[in-house]
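*Asks:* One structure follows; several queries about it will come next.
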Amino acid sequence: MIESWIIGTLSRTLAYGTPLLLGTLGEIYSERSGVLNLGIEGMMSIGAVSAFATAFLTGNPWLGMLVAGLAGGFASLLHGLVSITLRANQVVSGLALTMLGLGLSGLFGKGFEGKPLQSTIPNISIPILQDIPYLGEILFNNQNPVIYFAIVLTPILSFILYHTSIGITIRSVGENPAAADSTGINVWLVRYLCVLTGGVLSGLAGGYLSIVYRPAWTQGMTAGMGWLIIALTIFSSWSPVRGLLGAFFFGALIHLSFRLQPWVSPGLLKMMPYGSAIIALVILSLGKLNRKAGAPNALQQPYIRGEK
Amino acid sequence: MFKNKYVLTTSMVFIILSLILVGFSSTVVAQDKKLKAGFIYVGPVGDYGYTKSHDVGREYVEEMFPWLETFIAENVQAPDVESTIDQFVNNRDADVIFTTSFSHMQGTISAAEDHPDTLFFHCSGVQRRKNVGTYFSGLYQLYYLNGLMAGALTESDKLGYVAAIPNSEVKRHINSFAIGVKEVNPDATVHVRWLNTWFDPPAAKEATQSLLEIGADGFAFTEDSPTVLQTAQENGAFSFSHYNPMYRFAKEGTLSGQLTNRGVIYADILYKVYYGIYTSNNLKNVDYWWLLKEGAVELGAKRGMKINPDYIDELKSKTVEVPYLGKISVYDLVMKRLKQMKSDRVTFDPFIGPIKDREGVLRLKDGEWATHDELWTMEWAYENIKGPWPGEPKE
Amino acid sequence: MRDKLPFEIKKRQNPSGLGVITVSFFALLGAFLVASIVFWAYGVNPIQAYIVLFSGAFGGIYEISETVRRAIPLMLAGVGLVVAFRAKFWNIGAEGQLLLGATAATWVALFSPFPDFLLIPGMFFFGFLGGALWGLVPAILKSKLGINDVITTLMMNYIAINLILFLVQGPWKGKHQWGFPYTDKFPESAQLGTIAGTNVHWITLIVGIISAVLIYFFINKTTPGFEIRVLGSSPSAGRFAGMSYVKTSLLVMAISGGLAGLAGVGEVAGIHHMLRNPSELSLGYGYTAIIVAWLARENPIAVIMTSLFFGAILAGGDTIKISLGLPFQITDVFSGLILFFLIGSEILMGYKIRWSPNND
């Protein structure tokens, strides 16, 4: 009984948490370089529709994912142009991107509504590994390759961020762009690349939703996940590994909010994931585990040469 | 548009009848002006759910009547209903306006007072006035038929119901489904999970998964996307089309379904408006509550496929004892009930007493049929329903 | 890439009023030009589209009233957000605070022992309290425990939405609503009057304008306002001067949340006359108000203008959708474009641009 609960919940956690994880990883990179991007919902939506359209027309879901990444990246460049080059307010630019992204994907997606996708990325089971007790059933039995991609990506992005010169460059741009500039770092280029990374990963998150998670395109299918990603980015203290924990923690809560319905009022359960997030932050801060929780110093600050 | 001949015939019968009526009253004035009808939707047309089903109906009448011009406004929420109606009347010269969500009621009534010469029809509404009529097509009979099939086919004796918002309509549908299940399989239970929203595919997916985990192997649902159906098929379970034919999303998993033919109602209303039977003065008592008999709804995985052929043999092989009908296969029972509810003299309804709710309260006495108002204000949960039930009456 | 642009950008100390207007005008023009492509792609003459847009927002008394109706909640929540943003408190939670205001007002209207003549004042009072309470939670968490304000205010939105759903489906479910998850209708004495022939609940409008003016004086002319500004621009300097960060944070969020709460009171008492599904109650007003506050450049008086501007975009956008039969997403695309152009051009206001091809 308990086993089925744990295995079932954790296994679903991976499926629901993956788009959250992809988006969070991207937003972490974007914000680490000092650019807040509130346009995730819009970029995910654009990713979802372009992935679906590509997979539908070509029959190749992998190509769909690729196009989703490209489309999300392309959309994020608009935010880059406005907030990095034109130094506009990042909050408004991100909100504008959300509006534009939701609107454009809706217009573009009109022809793909109510169409079934014949070719999705199938779930796989990994021989031998799937026979490991518990872990095998949760991780290696009937899961999707995209989930593995996201999980494997996490330590890689974490390693790059903390242990390579690329990571140092990114963090220094996010903490003190003027100092970074004085050491010869191209602040604008770094920020553009990080925003682009965020866009590509958000696009992939959208593609996962429309090709893998629920193969169909509908206006509004991202259902507010983009906002959860913003919250998760902060929740993770801008650390990819904590991002993974946060995304899966949230995935588990969302799934449990249905699983627990026979015992707890659905209305209260729907509040649970959000309330738990706040409670978790309180516990973390009381336990002084949150010491490195500070946002990148230059977050939301456009960089202007010759000024501090 | 509709392949179902029955629908066409019914609507043609109505039209011919009305023509005769009109002919007798001989008040028809040759009109060369087009009748303009505006449709106000609560969601996007592309939801492939509730709003789509209305738009299919609109396309149906637009194709049927050469004298009709239609236009739509999507995604109109309660606060903007009145201003949308104003613009339909002022800028687009709408003669008739359909508001298609219960949440549009306040705006519809108040705008109707401002535009006394315009005719309004409010779907799922309960408030009428001289220029506001109401209409609705009920799916509950179909949920009952789906319940019969689901009860026969479940191996785990556990069925799932992914439900949207706990209102009387959804509760009626769940009860109806559960009554069908119980009739063929007294041991089976119906497990309900609530989404608290009409449209949220990720939530619908997780709700379905959570029901799969407790062993449910068949699903009915109320949510505006094929998510539950797709998820059921992925896991070897069955489910049903809801509002629109969803068979193409899950060819193995779609057992049957509840389909709407809203065009039949729209045709009847618009026809009567065009020929002056309905005016902005006589709608006070015009209420359409159209069901199987009128052809406003139909049973099917898709149009023309009442039951997915993959399941027919199994349904034919399962037999049950039913009062008055004796030993009968579930397939025949479904067809028999369908016929009873479709015929001109309806001889069956899912809500015939004795019906007790799960608190043990007798809701319908032996042989008593539920009235329109009882159906429309239903709050209780049927005996074999498990899971939460917001607003459940205790007595 | 490294600033090798053929022109030189110099910072201007204070952008002139005329400069702001000129640049904004050309930015709007640019947005209109790009949006024209979208209209044209849908077979609509862009010029006709803009005529429809403007007449939908300003074409007559009724049209103007529709612009104003949409501006009311944006104005109140926007003024509140200005206070928060001034103190560098990133309140993304105006939506939840608005909903809590609506909830508190509903309690007064339906379940409180208030006599009839006190219902409306009571609704505004408790609505403010409800919003303030919802704003105080993140304020306490931030000032006492250092927990990020964006995440808590955002989470509080979702909690508010689900709290209302819980109430209207359970304990507060109306007896006369045919099983739909709404509360019962408010008594007449708890409904706000509207200007005849319109849906403008004028009391809330006046409350909004007065709030904007009061907040302007509060921020610029009073000691607590001064402390907010100081702590916003430099918390360490403020602390050094003996100002209490905790006290100021609480004050800021009580005001910010309270004003959003008043917006919620206006919506339930002036438009809906009941509490209902949050997605029908507030069409994302709390989020749009963030944009309204930013466009006003954190000036409360300017919020009156920017909220009306956004009200006009919403009203005009709806008219385009309805009158020209365009898909509803057009409104989103159009607003998104306008925002991009408006903020993208901001750089031109704060800076002088001089052509200098040899710049390196």
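Line by line, the protein sequences give chains P, L and B.
When we follow numbering that gives the first Met the number 0, the leftmost residue of the first sequence carries the number 0, and every step to the right adds one.
When we follow numbering that gives the first Met the number 0, the leftmost residue of the second sequence carries the number 0, and every step to the right adds one.
When we follow numbering that gives the first Met the number 0, the leftmost residue of the third sequence carries the number 0, and every step to the right adds one.
The beta carbon of each residue, even a glycine, is placed where N, CA and C say it ideally should be.
(1) Is L/W398 buried or exposed, if buried means 16 or more other CB atoms sit within 10 Å of its CB?
(2) State the Cα-Cα distance for the pair P/I1 and B/S334, rounded to the nearest angstrom.
(3) Can you tell which of L/V75, L/T98 and L/I71 has its C-alpha closest to the C-alpha of L/R91?
(4) Just to confirm the assignment, what range does the alpha helix (DSSP H) spanning L/L290 have?
(5) Enumerate in chain order the residues of its own chain whose CB-to-CB distance from B/V332 is below 8 Å, with the five nearest sequence positions on each side excluded.
(6) Is there a Cβ from chain P that is less than 8 Å from the Cβ of L/T253?
(7) Quick check: what's the CA-CA separation for B/A131 versus L/E62?
(8) Would you mind stating whether B/S64 and B/N198 have Cβ atoms separated by less than 8 Å?
(9) Apart from the five residues on each side of it in sequence, which residues of its chain come closer than 7 Å, Cβ to Cβ, to P/A204?
(10) Got a sec? Which residues, its chain only, sit under 8 Å from L/E205 by beta carbon, not counting five neighbours each side?
(11) Name, going along the chain, the residues of the stretch 86-111 of chain L whose beta-carbon falls closer than 7 Å to a beta-carbon of chain B.
(12) So what does DSSP say about L/F347, is it helix, strand or coil?
(13) Looking at C-alpha atoms only, which residue of B/Q47, B/V19, B/L32 and B/L28 is the closest neighbour of B/T318?
(14) Just reading off the beta strand (DSSP E) that L/K326 is part of, what are its end residues?
(15) In chain order, what are the residue ranges of uninterrupted alpha helix (DSSP H) at least 4 long that sit wholly in the stretch 202-272 of chain P?
(16) Report the residues of the stretch 278-293 of chain B with a CB closer than 9 Å to any CB of chain L, ordered along the chain.
(17) Interface residues of chain P around B/N161 at Cβ under 7 Å?
(18) Going straight from the alpha carbon of P/E174 to that of P/Y302, what length do you get?
(19) Suppose only complete runs of 4+ residues qualify. What are the alpha helix (DSSP H) ranges in the stretch 60-123 of chain L, listed by chain order?
(20) Cα-Cα, which of P/T217, P/R213 and P/F257 is closest to L/T226?
(21) The alpha helix (DSSP H) with B/R228 in it runs from where to where?
(22) Rounded to the nearest angstrom, what separates L/P244 and L/K301 at their Cα positions?
(23) On the DSSP bridge assignment, give the partners of L/W368 in chain order.
(24) Rounded to a whole number of angstroms, what is the C-alpha to C-alpha distance between L/R128 and B/S322?
(25) Just to confirm the assignment: which complete alpha helix (DSSP H) runs, minimum length 4, are found wholly within the stretch 117-178 of chain P?
(26) On the three-state DSSP scale, how would you describe L/H241?
(27) Name the chain P residues that come within less than 7 Å of B/P24, Cβ to Cβ?
(28) Compare the Cα-Cα distances from P/A13 to each of P/S256, P/A246 and P/P115 and report the closest residue.
(29) Look up L/W193 in the DSSP assignment and give the residues it is bridged to.
(30) Show which residues of chain L have a CB atom less than 7 Å away from the CB atom of P/Y302.
(31) Consult DSSP for B/Y284 and reduce its assignment to one of helix, strand or coil.
(32) For the stretch 291-315 of chain L, which residues have a CB atom closer than 8 Å to at least one CB atom of chain P, in sequence order?
(33) Let's test the definition: count the other Cβ atoms within 10 Å of the Cβ of B/E266 and tell me whether it reaches 16, buried, or not, exposed.
(34) When you check each C-beta in the stretch 144-171 of chain B against every C-beta of chain P, which residues fall closer than 7 Å?
(35) Rounded to whole angstroms, what's the CA-CA distance from L/W379 to L/K283? Just pull it up for me.
(36) Are the CB atoms of B/V251 and B/A103 nearer to each other than 8 Å?
*Replies:* Looking at the atomic coordinates:
(1) Outside the shown range of chain L (0 to 394) lies residue 398 of chain L, about which nothing can therefore be said.
(2) Roughly 50 Å separates the two Cα atoms.
(3) Nearest C-alpha to L/R91: L/I71.
(4) No alpha helix (DSSP H) contains L/L290, which DSSP labels as neither H nor E.
(5) Hits under 8 Å: A34 and V37.
(6) By this cut-off, L/T253 is not an interface position.
(7) Between B/A131 and L/E62, the C-alpha separation is close to 55 Å.
(8) Against a cut-off of 8 Å, the Cβ pair of B/N198 and B/S64 comes out as a contact.
(9) The beta carbon of P/A204 sits closer than 7 Å to the beta carbons of P18, L21, G22, M43 and G46 from its chain, once the five residues preceding and following it are set aside; these are given in chain order.
(10) Non-local beta-carbon contacts of L/E205 in its own chain, meaning distances under 8 Å to residues more than five positions away in sequence, are absent.
(11) Those would be Q86, F87, N90, R91, F101 and S102, in chain order.
(12) Correct three-state label for L/F347: coil.
(13) Ranked by how close their Cα comes to the Cα of B/T318, the residues B/Q47, B/V19, B/L32 and B/L28 have B/Q47 in first place.
(14) Counting along the chain, the unbroken beta strand (DSSP E) around L/K326 starts and ends at G325 to S328.
(15) The DSSP assignment places 224-234 and 239-258 as complete runs of the alpha helix (DSSP H) inside the stretch 202-272 of chain P, in order along the chain (cut-off: 4 residues).
(16) Residues S278, E279, L280, S281 and L282.
(17) Under the 7 Å cutoff, chain P gives G266, K269 and M270.
(18) Approximately 11 Å, taken between the alpha carbons.
(19) Along the stretch 60-123 of chain L, the alpha helix (DSSP H) occurs as fully enclosed runs of 4 or more residues at 80-91 and 104-113, listed in sequence order.
(20) With distances taken between Cα atoms, L/T226 lies closest to P/R213.
(21) Counting along the chain, the unbroken alpha helix (DSSP H) around B/R228 starts and ends at T222 to S232.
(22) Straight across, the Cα-Cα distance linking L/P244 with L/K301 is about 4 Å.
(23) According to DSSP, which records beta bridges pairwise, L/W368 is partnered with L/I351.
(24) Between L/R128 and B/S322, the C-alpha separation is close to 27 Å.
(25) Those alpha helix (DSSP H) runs which fall completely within the stretch 117-178 of chain P and span 4+ residues are 144-162 and 164-174.
(26) Strand, per DSSP.
(27) According to the sequence as given, residue 24 of chain B is Phe; it is not Pro. Contact annotation for B/F24 against chain P: no contact, minimum CB-CB distance about 17 Å [criterion: below 7 Å].
(28) Ala is not the amino acid found at residue 13 of chain P; the sequence shown has Leu there. It is P/A246 whose Cα lies nearest to the Cα of P/L13.
(29) Note: L/W193 sits in a beta bridge opposite L/A162.
(30) Contact note: P/Y302 does not reach chain L at a C-beta cutoff of 7 Å; the least C-beta distance is about 37 Å.
(31) When DSSP states are grouped into helix, strand and coil, B/Y284 belongs to the helix group.
(32) Along the stretch 291-315 of chain L, there is no position whose C-beta sits under 8 Å from a C-beta of chain P.
(33) Burial is judged here by how many other beta carbons sit within 10 angstroms of a residue's own beta carbon; B/E266 has at least 16 and is buried.
(34) Taking a C-beta cut-off of 7 Å against chain P, the contacting residues of the stretch 144-171 of chain B are L144, G145, I146, N147, V149, I150, T151, L153, M154, Y157, I158, N161, L162, L164, F165, Q168 and G169, listed in chain order.
(35) Straight through space, the alpha carbons of L/K283 and L/W379 are spaced by roughly 30 Å.
(36) Result no, Cβ atoms of B/V251 and B/A103 do not sit closer than 8 Å.
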